[in-house]
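Quick notes on the structure that follows.
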Amino acid sequence: MSEATRDIEALIELMARLPGLGPRSARRAVLHLIKKRGAVMAPLAKAMAEVAASARECAHCGNIGTADICDICRDDRRATGEICVVEDVADLWAMERGQAFKGRYHVLGGTLSALDAVGPEELRIPKLLARIRDEGIHEVILALNATVDGQTTAHYIAEALDGTGVAVTSLAQGVPIGGELDYLDDGTIQAALRARKRL
Ligand SMILES: [Zn+2]
Numbered sequence: 015m016s017e018a019t020r021d022i023e024a025l026i027e028l029m030a031r032l033p034g035l036g037p038r039s040a041r042r043a044v045l046h047l048i049k050k051r052g053a054v055m056a057p058l059a060k061a062m063a064e065v066a067a068s069a070r071e072c073a074h075c076g077n078i079g080t081a082d083i084c085d086i087c088r089d090d091r092r093a094t095g096e097i098c099v100v101e102d103v104a105d106l107w108a109m110e111r112g113q114a115f116k117g118r119y120h121v122l123g124g125t126l127s128a129l130d131a132v133g134p135e136e137l138r139i140p141k142l143l144a145r146i147r148d149e150g151i152h153e154v155i156l157a158l159n160a161t162v163d164g165q166t167t168a169h170y171i172a173e174a175l176d177g178t179g180v181a182v183t184s185l186a187q188g189v190p191i192g193g194e195l196d197y198l199d200d201g202t203i204q205a206a207l208r209a210r211k212r213l
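According to our numbering, the sequence shown is numbered sequentially starting from 15.
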């Protein structure tokens, strides 16, 4: 194998480590990049180098941006007294895409897990409790995944805030917008029925 081919193979191997890409699609992506060297590959390489140098975690909420404090935490209009707790930055970005929440966020960086020995100290839970105290938070919205560990974490946080006067709420679970009942699993239908509301 020539040296040039080795470089391309090394690039394919790196690309194949990306979520959602296997060796076959990595190979196809690299071939596409090489064919579109000027229009796609060069700007992509430049953007990746820039973000690799500047990306960092927000010191308050754990969001990822390019400043020490993220745009949301710096925006005074978002000091609504509501804080939305999510497991991962991807969840925060998903909530922002929905454009429905006007408060601030807190990224835990995972969930409590007895199996993997993840306790509150491994997550950003102590930081969350400090922020609730310091930022005059009156409502904590738990937007955690509907998994066993997600729900264990939700209960832990709710218990930690018991008696503080802070309202603890969670996102409703149930029928997705545009969803058809016939396609839902039993757990979702049960959750939707429990969360029913008067029209
Ligand atoms: Zn932030």
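Where is the CB? At the ideal position from N, CA and C, for every residue including glycine.
By the criterion of a C-beta distance shorter than 7 Å, GLY123 is surrounded in its chain by GLY76, LEU137, ARG138, once the five residues flanking it on both sides are discounted. A distance criterion of 8 Å places the beta-carbon of ASN77 in contact range of ligand 1, judged by its closest non-hydrogen atom. DSSP assignment within the segment 122-149 yields no whole beta strand (DSSP E) run of 3 residues or more.
Residues GLY76, ASN77, ILE78, VAL121 of the same chain have their beta carbon placed closer than 8 Å to that of VAL103, with the five preceding and five following residues left out of the count. When DSSP reads this structure, GLY177 sits in no beta bridge, so it has no partner.
ALA56 and VAL65 have their C-alpha atoms roughly 14 Å apart.
Under the criterion of beta carbons closer than 8 Å, VAL182 and VAL154 qualify as touching, at roughly 5 Å. Nearest in C-alpha terms to ALA206, of all of VAL189, LEU213, LEU198, is VAL189. When distances are taken from the beta-carbon of CYS98 to the heavy atoms of ligand 1, even the shortest one reaches 8 Å or more.
By a beta-carbon distance limit of 8 Å, VAL99 does not contact LEU126. Their separation comes to about 12 Å. Going by DSSP, GLU194 is part of no beta strand (DSSP E) at all; its letter is neither H nor E. Annotation note: the segment 44-73 contains the following uninterrupted alpha helix (DSSP H) runs of length 4 or greater, listed N- to C-terminal: 56-68. Sequence-distant partners of HIS46 (beyond 5 residues in either direction) whose C-beta falls short of 8 Å from its own C-beta, in its chain, are VAL54. In this structure, the beta-carbon distance from GLU96 to HIS152 falls below 9 Å. Beta-bridge annotation (DSSP): ILE78 is paired with GLU71. The distance from the Cβ of ALA93 to that of ASP82 is about 18 Å, inconsistent with a contact at the 8 Å cut-off. According to the DSSP secondary-structure assignment, ARG208 is paired through a beta bridge with no residue.
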